[in-house]
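Asker: Quick one: this structure, given as structure tokens, is what I'll be asking you about.
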């Protein structure tokens, strides 16, 4: 597939990782994994359940440390994991306001982000009362709160309806087209055109 | 360091405590219950009550500070909020300190404010009650921060409440010793009172780093 390469600055690696290895007990989860992602690239992580996709993403995000290898990130990143970071008493609006505040983002961005993930109608419902898909949309809205070059997404399509899948797909494509980079663990195809696929 | 993330962490922890419902009254109820049981148990010898009363309140305060400690970091670990905090510019020890301070405001400060009432029950001289309440408030800070270390270390342990007590109680000893002596001395500027304040400051300056290291391990 053809990927437009911009200037040297754009094609500089946003994240590189070499020789990553993880042990779980005395079992080797994976070893010698190499990840390198540049601006405008979409990297898909593939593998069966339990292959270590989430573990690898957590390594790349700096949430855990590997037995071997090194991760270098050169740009700020967003993280969407299985555990979405929502409090049951928070509404999508207060959740985003909280993180906008913590990250030093303009509060106006909250409305924009809610609109982008089609959550305006449920904006004031406590997340404990929302469906899985709506909770997931709330977490995804954090991606749009602040512009960060690298997105690390753990199964972004989980629990999403058709319009949600289309929305996330177009967001990922837009992000890459505007010079961002995405690393996502996914099952299935979803019509994405990845620059690389890493199979664990 | 930018103060905004710390304030957001503090505010979220406060909101969570309020939204948690009756949970915030648990330590206060436990505290009152434990303090009221003592006169019932030892009888109504006023002189005896007056001499053991302040100590009883220290013991009750130490134990009630641990009542709701278990969920301090566990909720954030389970719902993924801790992962997000670990990926901000804010040092994780600052987040831990903000959470613990918010928990003290909601669960610890009310205990200190209750001591004048319970003190009357235990025959403590009314004139001494305000100074005693201040002593219990300061000692409570130390108890909550050491308890927070236990909470961070056992955040990934199911039903780790008792474990927290085992980890934290030895760290309560200096505060309990200086606290009891300070109340006996009875003035705010006595060396014992200064040592009590020092023990609270020590917990404030050391415990957040221990909590931060423990939380990094818990998320790994």
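Residue numbers (our numbering), protein chains in the order written: chain A, 1 to 200; chain B, 1001 to 1220. All C-beta atoms in this analysis are idealised placements derived from N, C-alpha and C, irrespective of residue type, glycine included.
Considering only their Cβ atoms, is the gap separating residue 96(A) from residue 113(A) smaller than 7 Å?
Answerer: For residue 113(A) and residue 96(A), yes; Cβs fall inside 7 Å.
Asker: Taking the alpha-carbon of residue 1003(B) as reference, which of 1215(B), 1045(B), 1095(B) and 1189(B) has the nearest alpha-carbon?
Answerer: For residue 1003(B), the nearest C-alpha among the options comes from 1095(B).
Asker: Any beta-carbon of chain B closer than 7 Å to the one on residue 136(A)?
Answerer: No, residue 136(A) lies away from the interface with chain B (no Cβ there is under 7 Å from its Cβ).
Asker: How about residue 63(A): is its C-beta nearer than 7 Å to some C-beta of chain B?
Answerer: It does: the Cβ of residue 63(A) has a partner Cβ on chain B nearer than 7 Å.
Asker: If we cut at 7 Å on Cβ distances, does residue 49(A) have a partner in chain B?
Answerer: Not one chain B Cβ lies under 7 Å of residue 49(A).
Asker: Do residue 1145(B) and residue 1203(B) have their C-beta atoms within less than 7 Å of each other?
Answerer: In contact: residue 1145(B) and residue 1203(B) (Cβ atoms closer than 7 Å).
Asker: Select from the region 1055-1078 of chain B all residues with a C-beta closer than 9 Å to any C-beta belonging to chain A, and list them in chain order.
Answerer: Correct list: 1075, 1076, 1077 and 1078.
Asker: Along the chain, which unbroken stretches of the alpha helix (DSSP H) at least 4 residues long are found entirely within the region 1077-1129 of chain B?
Answerer: Complete alpha helix (DSSP H) runs here, min 4: 1081-1086, 1092-1103 and 1109-1121.
Asker: Taking Cβ-Cβ distances shorter than 7 Å, what residues in chain B pair up with residue 27(A)?
Answerer: Within 7 Å Cβ-Cβ: nothing; residue 27(A) doesn't reach chain B, min ~17 Å.
Asker: Going along chain A in order, which residues have a C-beta closer than 7 Å to the C-beta of residue 1208(B)?
Answerer: Residues of chain A passing the Cβ test: none, with the nearest at roughly 18 Å.
Asker: Which residues, in chain order, does the region 70-86 of chain A contribute to contact with chain B at a C-beta distance below 7 Å?
Answerer: So the close ones are 79, 81, 83, 84, 85 and 86.
Asker: Might you give, ordered along the chain, the residues of its own chain that have their beta carbon closer than 7 Å to the beta carbon of residue 1183(B), omitting 5 neighbours on each side?
Answerer: These residues qualify, in order along the chain: 1054, 1132 and 1135.
Asker: Please report the residue range of the beta strand (DSSP E) in which residue 158(A) lies.
Answerer: First-last for residue 158(A): undefined, no H or E at that position.
Asker: Beta-carbon separation of residue 42(A) and residue 194(A) under 7 Å?
Answerer: Yes.
Asker: Since residue 1107(B) and residue 1027(B) are thought to touch, with beta carbons under 8 Å apart, how far apart are those beta carbons, to the nearest angstrom?
Answerer: That belief holds up - the Cβ atoms of residue 1107(B) and residue 1027(B) are roughly 5 Å apart, short of 8 Å.
Asker: Do three or more CB pairs link the region 61-76 of chain A to the region 1007-1026 of chain B at distances below 8 Å?
Answerer: Not touching, per the Cβ criterion.
Asker: Just to make sure I have the definition right: I need the residues of chain A whose C-beta is within less than 7 Å of the C-beta of residue 1151(B). Which are they?
Answerer: In chain order: nothing, as chain A lies at least about 17 Å away.
Asker: Going by DSSP, what residue range makes up the alpha helix (DSSP H) through residue 141(A)?
Answerer: 132-145 is the span of the alpha helix (DSSP H), which, as asked, contains residue 141(A).
Asker: Decide if residue 1033(B) is buried, meaning its Cβ has at least 16 other Cβ atoms within 10 Å, or exposed.
Answerer: By the 10 Å Cβ count, residue 1033(B) comes out exposed.
Asker: Please go through the same chain and pick out, in chain order, the residues whose beta-carbon is closer than 8 Å to the beta-carbon of residue 84(A), but skip the five residues on each side of it.
Answerer: 135, 136, 138 and 139, listed in sequence order.
Asker: Where does residue 172(A) land, buried or exposed, given buried means 16+ other C-beta within 10 angstroms?
Answerer: Looking at its Cβ environment, which holds 16 or more other Cβ atoms inside 10 Å, residue 172(A) is buried.
Asker: How big is the Cα-Cα spacing for residue 159(A) and residue 20(A)?
Answerer: The alpha-carbon atoms of residue 159(A) and residue 20(A) are separated by roughly 30 Å.
Asker: Should residue 1080(B) go down as buried or exposed, given a rule of 16 or more other Cβ atoms within 10 Å for buried?
Answerer: Residue 1080(B) is buried by the Cβ-count criterion.
Asker: Just the C-alpha distance for residue 143(A) and residue 1030(B), rounded to the nearest angstrom, thanks.
Answerer: Cα to Cα, the separation comes out at about 43 Å.
Asker: Interface residues of chain C around residue 113(A) at Cβ under 7 Å?
Answerer: Among the protein chains in the structure shown, which are A and B, there is no chain C.
Asker: Considering only the beta carbon of each residue, do residue 37(A) and residue 183(A) sit closer than 7 Å?
Answerer: Going by C-beta atoms, residue 37(A) is nearer than 7 Å to residue 183(A).
Asker: Apply the 10 Å Cβ neighbour rule to residue 1018(B) and answer buried if 16 or more other Cβ atoms are within range, or exposed otherwise.
Answerer: Residue 1018(B) should be labelled exposed.
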